[in-house]
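Down below is the structure, laid out as structure tokens.
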Amino acid sequence: MSDLSANINSNIEYGKDQYEEGKELLRLHKVRERDPQLIKDAKKRFMKVHGELFCEACGINFEKVYGERGRGFIEGHHKKPVSEMKVGETTKVEEIGMLCSNCHRMIHRIPMISIDELKKSLKLMYTIVEEMTQ
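So for the sequence shown, our numbering puts the first residue at 23; every next one is plus one.
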């Protein structure tokens, strides 16, 4: 074991080794409805424009990576958060971005960022990694 991993492991405080899960709980939540047809139509439009589905931030194409299992797999991202919409407000198909689940989660972390901001961050990271490997 390296000195670093030994040091990290010595600082870990372990809790129990078993945790009870699966308890049934009834919750009442107020949620804002989304129209599932919007995402389906946004995917169709994206396919028509680009010829394939891919993450607009990192570029992953799940069909190319996972084959048939990945066909059609991508998440639709509301560029304007649904939480900021007024009741009855509409969303245009072109206001939905295509993101992989990792990029989608990163965009929604507080403070929320745009697809372009995440893309810039990824380009910077790729540049740093490329420089380190040369």
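Cβ coordinates follow ideal geometry from the N, Cα and C atoms, glycine included. Note that the coordinates shown come from a computational prediction; the quantities given were computed from them, not determined experimentally.
Measure the C-alpha to C-alpha separation of residue i and residue j and round it to an integer number of angstroms.
{"i": "K65", "j": "L75", "result": "7 angstroms"}
{"i": "L144", "j": "I129", "result": "12 angstroms"}
{"i": "E85", "j": "F95", "result": "8 angstroms"}
{"i": "S105", "j": "Q156", "result": "45 angstroms"}
{"i": "P58", "j": "S123", "result": "17 angstroms"}
{"i": "L140", "j": "E117", "result": "17 angstroms"}
{"i": "M23", "j": "R67", "result": "Note on M23: pLDDT 49, under 50, position unreliable in the model; no value is reported."}
{"i": "E97", "j": "S136", "result": "15 angstroms"}
{"i": "Y41", "j": "R131", "result": "27 angstroms"}
So, under 8 angstroms CB-CB, residue i and residue j are touching, yes? Tell me the CB distance rounded to an integer number of Å.
{"i": "G119", "j": "K101", "result": "6 angstroms"}
{"i": "A79", "j": "L121", "result": "6 angstroms"}
{"i": "D39", "j": "V115", "result": "Not really, about 49 angstroms apart at Cβ, beyond 8 angstroms."}
{"i": "M134", "j": "P103", "result": "7 angstroms"}
Helix or strand or just coil, what does DSSP make of residue i?
{"i": "I118", "result": "strand"}
{"i": "H51", "result": "coil"}
{"i": "G98", "result": "strand"}
{"i": "I82", "result": "coil"}
{"i": "Y148", "result": "helix"}
{"i": "V37", "result": "Per the sequence presented here, residue 37 reads as Gly, with Val not at that position. Here G37 sits in coil by DSSP."}
{"i": "D57", "result": "coil"}
{"i": "R127", "result": "helix"}
{"i": "L140", "result": "helix"}
Between the options, which has its C-alpha nearest residue i's C-alpha?
{"i": "H99", "options": "K86, L60, H72", "result": "L60"}
{"i": "K108", "options": "G44, V53, Y36, Q40", "result": "V53"}
{"i": "R93", "options": "E111, G73, I150", "result": "G73"}
{"i": "D138", "options": "T149, C125, R67", "result": "C125"}
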